[in-house]
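Let me begin by presenting the structure, written as structure tokens, before commenting on it.
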Amino acid sequence: MKKDLLKLLDLSGEDIKEILDTADQMKYSQKHGIPHDALRGKTLAMIFEKNSTRTRVSFEVGMYQLGGHALFLSGKESQIGRGEPIEDTARVLARYCDGIMIRTYSQEEVEALAKYASIPVINGLTDFAHPCQVLADLMTIREKMTRLEGLKMAFIGDGNNMANSLIVGGLKCGMDVSVACPQGYDPDPRVLDFAATVEGPKFQLCRKPEDAVVDADVVITDVWASMGQEEERAERARAFAGYCIDDKLLSLAKPGCMVQHCLPAHRGEEITAEVFEAHADEIFEEAENRLHAQKAVMYLLMK
Ligand code: CP
Ligand code: NVA
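Using the working numbering, the letters of the sequence shown map in sequence onto residues 4 to 306.
Right, here's the structure in full:
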């Protein structure tokens, strides 16, 4: 494993497998009351420049369960909001803490933080990537389907942070990945370049959701307007019309296919209320697995 978790492009398939195996152990220990306080006495600083429910709570609770402590730093209320360079914040936090989790806009800011911090840095979402979420998704799919290799993942919607991380994570785990995005909303070129290096017909970028979901084992979506894109909401609603996971679309996937959504969800936009409720157990298991997957990441990076 590297020092940091900044994006799945930095990890090998073996690294991801090690995290998922450790996450399964973390979940087992937590469910069976087996002590796993390997981070006793350690502190995680959590910087949030965007909203969060799951990421904030799962990191804070996870750190507590590992015997350590997590502290919340709001981008606005800390000196980051007044323009203190991230390079200086990195060197200060490294003097007090044992790890940093950051949720922000620019991937470059996270990379700079990691470069200047001598302690591990974990990306809790940028505009480019959401690696912790996708580790939880892969864990959830493997848990239900018993494997990842050879399964087909279909992502319907915006070529955003989730699409970018799902493509990389899925391909690195040997999955087939099909993505359907409207023209102008494709995944990041760095991700498409990576997908082009994967041998065999493993990756497909489609315009029609119907083409992407054929024979899928898992169908995934995310909001049409991500955090920071609120002003584009009306324009995006027009562009994404038809990119909704409904029963008709799901009928083209494999019988018994899973549905995943990182949440929060907008029923009636990217997913119907009916499909959401029919797959609520899988979706909330995915949310729970954030806790176990991130405990695995913190343990592997900070122990
Ligand atoms: N899925 C996810 O990252 O949720 P939050 O925005 O609530 O952290
Ligand atoms: N793509 C969404 C994910 C939220 C967890 C966003 O960036 O807002």
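Using N, Cα and C, we set each Cβ at its ideal position, and we do this for glycine too.
Going by alpha carbons, who is nearest to residue i out of the options?
i: PRO185; options: THR275, ILE125 and LEU208; result: LEU208
i: ALA183; options: VAL217, ALA268, ALA41 and GLU285; result: VAL217
i: VAL137; options: SER15, MET301, LYS6 and ILE19; result: ILE19
i: ALA132; options: PHE62, VAL194 and TYR246; result: VAL194
i: GLY200; options: MET4, LEU12 and LYS6; result: A small fix is needed here, since residue 200 is Thr in this sequence, not Gly. Ranking MET4, LEU12 and LYS6 by Cα distance to THR200 puts LEU12 first.
i: ILE37; options: LYS53, LEU69, SER15 and ASN54; result: LEU69
i: GLU272; options: GLY16, GLY187 and ARG236; result: ARG236
i: LYS155; options: TYR67, THR224 and LEU174; result: LEU174
i: ASP225; options: ASP249, ALA268 and PHE62; result: ALA268
i: THR58; options: LYS5, PRO134, LEU23 and LYS34; result: PRO134
i: PRO212; options: PRO204, ALA26, MET148 and SER254; result: SER254
i: ASP140; options: ASP284, MET66 and ALA290; result: ALA290
i: GLY78; options: ASN54, GLN297 and ARG98; result: ASN54
i: VAL60; options: TYR302, GLN297 and LEU303; result: GLN297
i: GLY231; options: SER109, GLU87, LYS34 and PHE62; result: SER109
i: CYS260; options: GLU87, ILE286 and GLY245; result: ILE286
i: GLY172; options: ASP7, LYS5 and GLY16; result: GLY16
i: LYS147; options: ASP27, TYR302 and SER81; result: ASP27
i: TYR302; options: GLU234, HIS39, GLN33 and HIS35; result: HIS39
i: ALA115; options: ASP7, ASP284 and SER32; result: ASP7
Considering only residues of the same chain and omitting the five flanking positions on each side of residue i, which have a CB-CB separation below 7 Å?
i: VAL64; result: LEU294
i: LEU74; result: THR46, ALA48 and MET49
i: ARG270; result: ALA276 and PHE279
i: TYR119; result: GLU90, ALA93 and ARG94
i: ARG43; result: GLY70 and GLY71
i: ARG145; result: LEU23 and LEU151
i: LEU96; result: ALA48, ILE103 and ALA120
i: ALA198; result: ILE170, LEU174 and PHE206
Between the C-alpha atoms of residue i and residue j, what's the straight-line distance to the nearest angstrom?
i: GLY71; j: LEU9; result: 22 Å
i: GLU202; j: LYS30; result: 34 Å
i: THR56; j: ARG85; result: 24 Å
i: MET165; j: GLU21; result: 21 Å
i: CYS265; j: ILE170; result: 15 Å
i: ALA240; j: ASN163; result: 15 Å
i: ASP196; j: LEU14; result: 16 Å
i: ASP249; j: PHE243; result: 14 Å
i: GLU111; j: VAL221; result: 31 Å
i: CYS247; j: ASN292; result: 25 Å
i: ILE274; j: TRP227; result: 10 Å
i: ASP189; j: ALA256; result: 22 Å
i: GLU238; j: ILE223; result: 22 Å
i: GLY245; j: PRO258; result: 22 Å
i: PHE62; j: GLY187; result: 34 Å
i: GLU234; j: PRO88; result: 27 Å
i: LYS205; j: THR149; result: 20 Å
i: LYS34; j: GLU80; result: 36 Å
i: ALA41; j: ARG98; result: 21 Å
Apart from the five residues just before and just after residue i, which ones in its own chain have a Cβ nearer than 8 Å to its Cβ?
i: ALA215; result: ALA157, PHE158, ILE159, SER181, VAL182, ALA183, GLN207 and CYS209
i: GLU152; result: CYS176, GLY177 and MET178
i: VAL113; result: LEU9, ILE105, THR107, VAL124, ASN126 and THR129
i: ASP191; result: PHE131, GLY162 and ASN167
i: LEU76; result: ALA48, MET49, ILE50, PHE51 and ILE83
i: SER229; result: ASP130, ASP161, ASN163 and ASN164
i: LEU252; result: ILE159, PRO212, GLU213, VAL216 and VAL222
i: ASP2; result: One cannot answer for residue 2 here, as it falls past the ends of the chain, which runs 4 to 306.
Using only the heavy atoms of the ligand PLP, determine whether one of them is closer than 8 Å to the beta carbon of residue i.
i: GLN263; result: Among the ligands in the structure shown, the ligand PLP does not appear; only the ligand CP and the ligand NVA can be found there.
For residue i, decide whether its Cβ has a neighbour in chain C, counting only Cβ atoms nearer than 9 Å.
i: LYS5; result: As a matter of chain content, chain C is missing from the structure shown, which is built from one protein chain.
Which residues in the same chain as residue i place their Cβ atom closer than 6 Å to its Cβ, once the five residues preceding and following it in sequence are excluded?
i: HIS282; result: VAL262
i: GLU288; result: THR143
i: GLY102; result: LEU47, ILE122, PRO123 and MET305
i: MET66; result: LEU47 and ALA73
i: CYS100; result: THR46 and ALA48
i: MET4; result: ASP18 and LEU303
i: SER32; result: HIS39
Could you give the C-beta distance for residue i and residue j, rounded to a whole number, given that I count them as a contact under 8 Å?
i: ALA299; j: THR25; result: 4 Å
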